[in-house]
Amino acid sequence: MENKFTFANAKRLPAIDWNIRFFGAHTQTVSNNWSVPKEFHYAFEILLVMNGEQETLIENERYLLKNGDIILIPPGFHHANKCISESSMTYFCAHFDVDEPTLRMEMMKHCDLIYNSDSPFYQRLYTTLQKWIDIINESNINEMKYKLKTQIPLFELLEIFADIVSQKKDPIIYESMTTAKYAKEIADAIKRNFKENSLNGNDYNELRIQPIIASLGISPNYGLQIFQKIYRMSPRKYLSELKLQEAKILIQQPDISLSEIATRLGYKNLSHFSRQFKKWTGLNPSEYRKNYFYHS
Numbered sequence: 001m002e003n004k005f006t007f008a009n010a011k012r013l014p015a016i017d018w019n020i021r022f023f024g025a026h027t028q029t030v031s032n033n034w035s036v037p038k039e040f041h042y043a044f045e046i047l048l049v050m051n052g053e054q055e056t057l058i059e060n061e062r063y064l065l066k067n068g069d070i071i072l073i074p075p076g077f078h079h080a081n082k083c084i085s086e087s088s089m090t091y092f093c094a095h096f097d098v099d100e101p102t103l104r105m106e107m108m109k110h111c112d113l114i115y116n117s118d119s120p121f122y123q124r125l126y127t128t129l130q131k132w133i134d135i136i137n138e139s140n141i142n143e144m145k146y147k148l149k150t151q152i153p154l155f156e157l158l159e160i161f162a163d164i165v166s167q168k169k170d171p172i173i174y175e176s177m178t179t180a181k182y183a184k185e186i187a188d189a190i191k192r193n194f195k196e197n198s199l200n201g202n203d204y205n206e207l208r209i210q211p212i213i214a215s216l217g218i219s220p221n222y223g224l225q226i227f228q229k230i231y232r233m234s235p236r237k238y239l240s241e242l243k244l245q246e247a248k249i250l251i252q253q254p255d256i257s258l259s260e261i262a263t264r265l266g267y268k269n270l271s272h273f274s275r276q277f278k279k280w281t282g283l284n285p286s287e288y289r290k291n292y293f294y295h296s
């Protein structure tokens, strides 16, 4: 009898096509006059107050964080932080993002902003963040292992947020699935064009969003609308954030000169790039590079 392979009773793991990014994390002790002016990020920001108190304004709503409190700031939300302790405050902060629009959208819709000891998911969140803090404090670890160990808490964190979402979300209707799918296609196309320009040294400012959307068979006006709905920012802002993150990654590589970075990013000269980078971060590229290696 001829043997035949059958998959009728096979058990499978799902195929995964996500981009999960971690933009770094740090611990810092600041004085009572410390503050960060209003800003917003493309990525999620999660912050744990390790000691002291912090005031956070999110879209002009005031939140007070005490010792041990955790705050999750979604992408695109304007926020400002300041220390309100009598003396100093120590905090841990990380930025991350997942390029899976359904999870991203549901996290923004259903996850709380503040998690304290009374929150049902607090202990899991706190334990996971503590793993990052422990990694920061490790010494004598090679760079590759350092990066691999850093990813483990990130996946654990996303699993916790997926559990939070599953308890709170309404059933996903077909329309929202379609909207998320189109938004991800647009984001992927922008990113693909961005990377191609990065390799060729072309000017990202010349990338035109509407033709990119139209090339996917999506009406540009509809594409702009659904992208804003899912990602809480315009496609042009998304492109700008991609460019900023690429600039930060390149600046953190000391063997690449700032002039070469400016050329790779499509700027006519270093001074033009420096002005734009300072608008993004408040620091010029040389100051950012110096601070990065000082705190590394």
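Position one of the sequence shown corresponds to residue 1 (full-length UniProt numbering), numbered consecutively onward.
No residue lacks a Cβ here, since even glycine has one placed at the ideal position from N, Cα and C.
Using the three-state DSSP reduction, which class does residue i fall into: helix, strand or coil?
{"i": "alanine 180", "result": "helix"}
{"i": "histidine 26", "result": "strand"}
{"i": "proline 254", "result": "coil"}
{"i": "arginine 21", "result": "strand"}
{"i": "serine 274", "result": "helix"}
{"i": "tyrosine 91", "result": "strand"}
{"i": "phenylalanine 161", "result": "helix"}
{"i": "tyrosine 238", "result": "helix"}
{"i": "histidine 110", "result": "helix"}
{"i": "isoleucine 212", "result": "helix"}
{"i": "phenylalanine 77", "result": "coil"}
{"i": "lysine 279", "result": "helix"}
Out of the options, point me to the one whose CA is closest to residue i's CA.
{"i": "threonine 27", "options": "Ala94, Ile16, Pro75, His79", "result": "Ala94"}
{"i": "glutamate 59", "options": "Lys66, Pro75, Cys83", "result": "Pro75"}
{"i": "tryptophan 34", "options": "Ile84, Met50, Asn67", "result": "Ile84"}
{"i": "lysine 290", "options": "Ser219, Lys248, Glu260, Asp99", "result": "Lys248"}
{"i": "tryptophan 18", "options": "Glu100, Ala183, Val49", "result": "Glu100"}
{"i": "phenylalanine 121", "options": "Ser240, Gly24, Phe161", "result": "Phe161"}
{"i": "leucine 258", "options": "Lys279, Tyr238, Leu242, Glu287", "result": "Glu287"}
{"i": "lysine 229", "options": "Met105, Ile218, Glu39, Met144", "result": "Met105"}
{"i": "serine 240", "options": "Leu129, Lys195, Glu138, Glu260", "result": "Lys195"}
Please state whether the Cβ-Cβ distance between residue i and residue j is less than 8 Å.
{"i": "isoleucine 73", "j": "phenylalanine 44", "result": "yes"}
{"i": "glutamate 55", "j": "leucine 64", "result": "yes"}
{"i": "phenylalanine 77", "j": "tryptophan 132", "result": "no"}
{"i": "arginine 236", "j": "isoleucine 213", "result": "no"}
{"i": "leucine 216", "j": "alanine 189", "result": "yes"}
{"i": "serine 88", "j": "threonine 29", "result": "yes"}
{"i": "leucine 207", "j": "asparagine 221", "result": "no"}
{"i": "phenylalanine 23", "j": "phenylalanine 96", "result": "yes"}
How would you write the range of the beta strand (DSSP E) that residue i sits in, first residue to last?
{"i": "residue 301", "result": "The displayed coordinates of the chain run from 1 to 296. Any statement about residue 301 would go beyond what the structure contains."}
{"i": "glutamate 45", "result": "44-51"}
{"i": "tyrosine 63", "result": "61-65"}
{"i": "isoleucine 141", "result": "Counting along the chain, isoleucine 141 falls outside any beta strand (DSSP E), and DSSP gives it neither H nor E."}
{"i": "glutamate 55", "result": "54-58"}
Can you tell me where the alpha helix (DSSP H) with residue i in it begins and where it stops?
{"i": "tyrosine 231", "result": "220-231"}
{"i": "arginine 124", "result": "122-136"}
Please check the pair residue i and residue j, which I expect to be a contact at CB under 8 Å, by giving their CB distance rounded to whole angstroms.
{"i": "aspartate 69", "j": "isoleucine 20", "result": "Contact flag wrong, Cβ pair sits at about 25 Å."}
{"i": "threonine 264", "j": "leucine 250", "result": "The sequence as given places arginine at residue 264; threonine does not occur at that position. Contact flag correct, Cβ pair sits at about 7 Å."}
{"i": "asparagine 67", "j": "asparagine 51", "result": "6 Å"}
{"i": "phenylalanine 277", "j": "asparagine 269", "result": "Wrong, their Cβ atoms sit about 13 Å apart, outside the cutoff."}
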